[in-house]
Structures are given as C-alpha cells and as structure tokens.
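Chains as they are written, first to last, in the working numbering: chain A, 63 to 278; chain B, 34 to 374.
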C-alpha cells in the first residue's frame, strides 16, 4: 500500500456504486508527472528538497470529478541537520461543480496520506481537507485554475495536533490532440501549524507537478 | 422644313452658279432681267420659256418663281398667286427665304399655298422595335383642310393606316405587323398620302425598307446592382483577455502562496512556485499573441444567401424573358427616298 499505486478508479467507482461499464463510460485520464518537492519541518535548517515522479488518475462524470495523485520523491537538504528521506504521497480529491456557476466555482473534499521512509525521518501525515476550486478557460485549449482548502483534520505518526491547516494550489492545463492528451503544470502548498508537547513544530510542503495525461 | 428652307436659300444664293450649270439660256435671261429690275421683260422671257422649250424640273421651278416674283413686283397679285400655285404644285416642300425675299412676295406665296391642296414635308422616321411593340411615325403637312387617307403598300400588304381630315401638321403611325402579330414581310414599302378636297386631289409617297432581325437577349447577371456580398468570416482583433485572466489566477496563486508561507520555515519562494507561475503567465501571453481564428458572421452569411437567392431568381426571370425574346422579331424601318406625285 505504501509503495504501490492503488487502483483508485476501481475503488472510487466501487465506492460510488458504479459498474465497470459505467466507469468505462466516463471521462478517464491517466498520466505521469515529474515533481519538485520542498519539505520544511520545525525549522528552516531542516528544509529538504528534491525531485520525483508521480502518477495521476482522473475520472469525471458530469459535474463530479475524482482525482488521485501519487508521487514519490527523494528529498535531501543542504544543512547538516536536514534529514534525507523518501516522501510518498497519496492524494484523493472529489470535486463537484456548483450548479450554474461551475466550473467557475467548485467545492472539493479530499484526503491525503504521506509516508516517510525511513520512518520518523519526518512526520507521516494524514489529512482531510475541504475547499473550493475555480477554473477558467483562457482559450480553446488552456485552462487556469486556483484552489484553496482548509484542513480541519490532521493526524501525525509522531503525535501532536494542528488545529487548522491550509492548502493552496494553482495551475494551468493544456488540452492537446483534441482533448485526448493533456499537459498540466500545478503547484500546491500545504501548511500545518503543528504543535506537539507544547512546542511549535510546523510542517510545510510545496509540490510542483509537470505532467502529461491521456484519455478522454 | 429646315431642309427645304436651306435648299431654297442655297438655290437663291447659288443661283448664278446653278444657272450656269443647269439652266436653259432663256430661263437664265429671265432671271437676269428680274435681277435688273426689268420685270416686264422678265415676265415675257419666262413665259416664252414655259411655252416654247422643253424645260427641266429645275428650269420650271425657276421660271415660275421668276414669274411670281416679277408679277408681285408689278402688283399683279392674281397672276403672282397663280404662278406661286404652279410653283407649289411642282415642289410642295419649297419655301421662300423670308430673310431675303420681300414680305409682299412671301405673303402672296402663302396665299397661293392656302389655295392649293398639297401634301408637304412627308417623311417617315427611322424606327427599330420588336413587332407589336412599336409604330412607324409618319409626318406630313396639309396645305388646307381635306380628306386624307394614308396607305402603306408593300410585299403582300395594302393597308389603310389612317383616314382623317385635318389641315396643318399631321402625324400618323403605322404598325408593321400582319394579322396575328406576325411581322410584315421584309422589303420595300411605299407610304402614300392621298388628299382630296372637292375635285382637287393630291397624292404623295415616301418609301421605307423593312428588315427583320433578331431580338437581343438580356445577359445573365453576375451580381445585383448596388449590392455586393459581404465577407462571411471575420478575424477578430487580438484578444488580451487570456493574458489578463492567466495573470489574475497565477498572481492570485503565487501571492496567496507567498503570503501563506510559514516565514519561520521559508522566506523565499520555492523554485516550483516560480516555475509553475512562469508557465501559467507564459501560457496566457502566448495565447493572447496567437492570431485568432476567423469566425463566421451569421448576419453576412444570411445576407449573402438572400442575395444569391435573389440573383438566381432574377436570372430565372431573365432566362424566361430570353426564351420569349428568341421567338420575337426586331424590325428596322429606314426611309429610302421621297417620291413626289
């Protein structure tokens, strides 16, 4: 589970009660991504950065869209106190356009799970977020979007809590080949003001994704 | 009328020359005597010429003119009028030059004109028209009231065109169409004007030729006058909205990310933020630079469609009209000469 990509589409479809045929009838995209990750925890001396690869699965039916990201990046820092570890991240998100406003305004509900290897090099985190997404089509083939979310629930394998976290993201999507091929660039920033045993131990992750996806 | 007056003026002005070329010696002497104001001698010589010699038509005209002028000059009114009557009967279209000839003489000439029955200035105008859609104008003057009958005689045709009684200017129109609307046969036609008043009769004719020809067809239209097709596509002006929207969203994302960063962990923007932000801005800029695709203009498309329909309809009408025209005949009527009787 920690190192294998999960067949999210089947799980998501099953969760929604779709049959295999219904799943096939929807818009489905699968893609690969290159990622740039910057991870900061506790102090800026412990900041690490690195690159990695990821995958993307997207299923859309009408106004509802399910998105799954998975990435693995090797991170290291420049200071002596900076750890070196692999970051594995799984992100599931459900986005629903709002009535006549969509896709200008959509609401999203997401869950995220991060694993660190070796364990305790940094915090394993699980979050639930609620947010809004705004998309606008610039032309025939380019869409810009921006989103923001609150993280009301965060769990850490090292304990502690984060009363309220925030997450921001923005990106640009390029429709190529009559919408069968998509290129996308995205940025995501997650900030968790964690406290543990009375100490402030904040966590901040920024991820840049550069990917291609196929499907229709 | 103008032609006849010019002829008379030319005769008077060129009298010596024409006399030298055509006149008999007697007539010339009579003229000379008149010019020398020797009226009695002029009368005697002119009468001798009329009685004794075979004279050409020109000599006859000169003789009677000299007689009329001379009698008028010696106040012999009745004989002057009589001479002018003979002159008019010989050449009904002849007019005296009112500028050069004395009013007394011209008035006596007018009296003579009122006494005789002649058809003057008979002519037919040239015409060209489709059979059934035109007529040939025939003009003539009647010296006094009389019963007038205008006939047209030609190949297979002898038709009375008009019958009236009117002095002065007359206009008659001839429709050169046979019964059934067919054109008359091509060839030479004689237009005869026969005037009768009591026992006096005068007939005069003029000839015309009638030639058939095809009726020109109407060319098909390639465009309606005053209307031109509008361009059905237009290229919109370059739109900078994509650039603006991309800048808005990207700056919103970048700005919010920078503002939201935990300053204790990081102050500078991470590289991935700058990379994604730069791509977003570049995408909007490049999209705005791209030349917009031509887009259809519905109003122009509908207008052009309507225009083409109208053009097609008009050409259909032209085609029908040409079909009818090819069955029609164009007649050309041209005067040949004038024959005085």
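Where a beta carbon is used, it is the ideal one built from N, C-alpha and C, also for glycine.
Boundaries (first-last residue) of the beta strand (DSSP E) holding residue i
{"i": "residue 337 of chain B", "result": "Careful: residue 337 of chain B lies outside any beta strand (DSSP E), inside the alpha helix (DSSP H) at 331 to 359."}
{"i": "residue 268 of chain A", "result": "265 to 277"}
{"i": "residue 196 of chain A", "result": "187 to 199"}
{"i": "residue 73 of chain B", "result": "Not the beta strand (DSSP E): residue 73 of chain B falls in the alpha helix (DSSP H), residues 72 to 85."}
{"i": "residue 90 of chain B", "result": "It is not in any beta strand (DSSP E) - residue 90 of chain B instead sits in the alpha helix (DSSP H) that spans 90 to 106."}
Host alpha helix (DSSP H) of residue i (start-end)
{"i": "residue 67 of chain B", "result": "58 to 68"}
{"i": "residue 123 of chain B", "result": "110 to 123"}
{"i": "residue 144 of chain A", "result": "No alpha helix (DSSP H) contains residue 144 of chain A, which DSSP labels as neither H nor E."}
{"i": "residue 137 of chain B", "result": "136 to 148"}
Neighbour-count burial assignment, residue i, 16 or more Cβ in a 10 Å radius
{"i": "residue 275 of chain B", "result": "buried"}
{"i": "residue 132 of chain B", "result": "exposed"}
{"i": "residue 140 of chain A", "result": "exposed"}
{"i": "residue 197 of chain A", "result": "buried"}
{"i": "residue 89 of chain A", "result": "exposed"}
{"i": "residue 366 of chain B", "result": "buried"}
{"i": "residue 209 of chain B", "result": "buried"}
{"i": "residue 350 of chain B", "result": "exposed"}
{"i": "residue 76 of chain A", "result": "Its pLDDT being 47, under 50, residue 76 of chain A is placed unreliably by the model, and nothing is read from it."}
{"i": "residue 369 of chain B", "result": "exposed"}
{"i": "residue 343 of chain B", "result": "exposed"}
{"i": "residue 286 of chain B", "result": "buried"}
{"i": "residue 233 of chain A", "result": "buried"}
{"i": "residue 259 of chain A", "result": "exposed"}
{"i": "residue 339 of chain B", "result": "exposed"}
{"i": "residue 97 of chain B", "result": "buried"}
Cβ of residue i within 8 Å of any chain A Cβ
{"i": "residue 293 of chain B", "result": "yes"}
{"i": "residue 303 of chain B", "result": "yes"}
{"i": "residue 332 of chain B", "result": "no"}
{"i": "residue 268 of chain B", "result": "no"}
{"i": "residue 320 of chain B", "result": "yes"}
{"i": "residue 299 of chain B", "result": "yes"}
{"i": "residue 327 of chain B", "result": "no"}
{"i": "residue 356 of chain B", "result": "no"}
{"i": "residue 251 of chain B", "result": "no"}
Integer Cβ distance of residue i from residue j, believed to fall under 8 Å
{"i": "residue 221 of chain B", "j": "residue 187 of chain B", "result": "7 Å"}
{"i": "residue 193 of chain B", "j": "residue 184 of chain B", "result": "5 Å"}
{"i": "residue 127 of chain A", "j": "residue 152 of chain A", "result": "That belief does not hold up - the Cβ atoms of residue 127 of chain A and residue 152 of chain A are roughly 17 Å apart, past 8 Å."}
{"i": "residue 281 of chain B", "j": "residue 109 of chain A", "result": "Actually they are not in contact, since the Cβ atoms of residue 281 of chain B and residue 109 of chain A sit about 30 Å apart, beyond 8 Å."}
Chain B contact for residue i (CB, 8 Å cutoff)
{"i": "residue 109 of chain A", "result": "yes"}
{"i": "residue 100 of chain A", "result": "yes"}
{"i": "residue 248 of chain A", "result": "yes"}
{"i": "residue 165 of chain A", "result": "no"}
{"i": "residue 236 of chain A", "result": "yes"}
{"i": "residue 85 of chain A", "result": "With a pLDDT of only 46 at residue 85 of chain A, under the threshold of 50, the placement of this residue in the model should not be trusted, and no figure is reported."}
{"i": "residue 266 of chain A", "result": "yes"}
{"i": "residue 273 of chain A", "result": "no"}
{"i": "residue 278 of chain A", "result": "no"}
{"i": "residue 106 of chain A", "result": "yes"}
{"i": "residue 270 of chain A", "result": "yes"}
Closer than 8 Å to chain C by CB, residue i
{"i": "residue 283 of chain B", "result": "Here chain C cannot be found, since the structure's protein chains are A and B."}
### Message
Count Cβ pairs between the segment 134 to 141 of chain B and the segment 162 to 180 of chain B that sit closer than 8 Å; are there 3 or more?
### Response
no
### Query
Taking three-plus beta-carbon pairs below 8 Å as touching, is the segment 121 to 135 of chain B in contact with the segment 94 to 102 of chain B?
yes
### Query
Using 8 Å as the Cβ pair cut-off and three pairs as the minimum, do the segment 246 to 260 of chain A and the segment 297 to 312 of chain B touch?
yes
### Query
On the three-pair Cβ rule with 8 Å, is the segment 320 to 337 of chain B touching the segment 265 to 272 of chain B?
yes
### Message
Pairs of beta-carbons, one from the segment 185 to 199 of chain A and one from the segment 211 to 223 of chain A, closer than 8 Å: are there three or more?
### Response
yes
### Query
Would the segment 144 to 157 of chain B and the segment 345 to 364 of chain B be scored as touching if the rule is three or more Cβ pairs under 8 Å?
no
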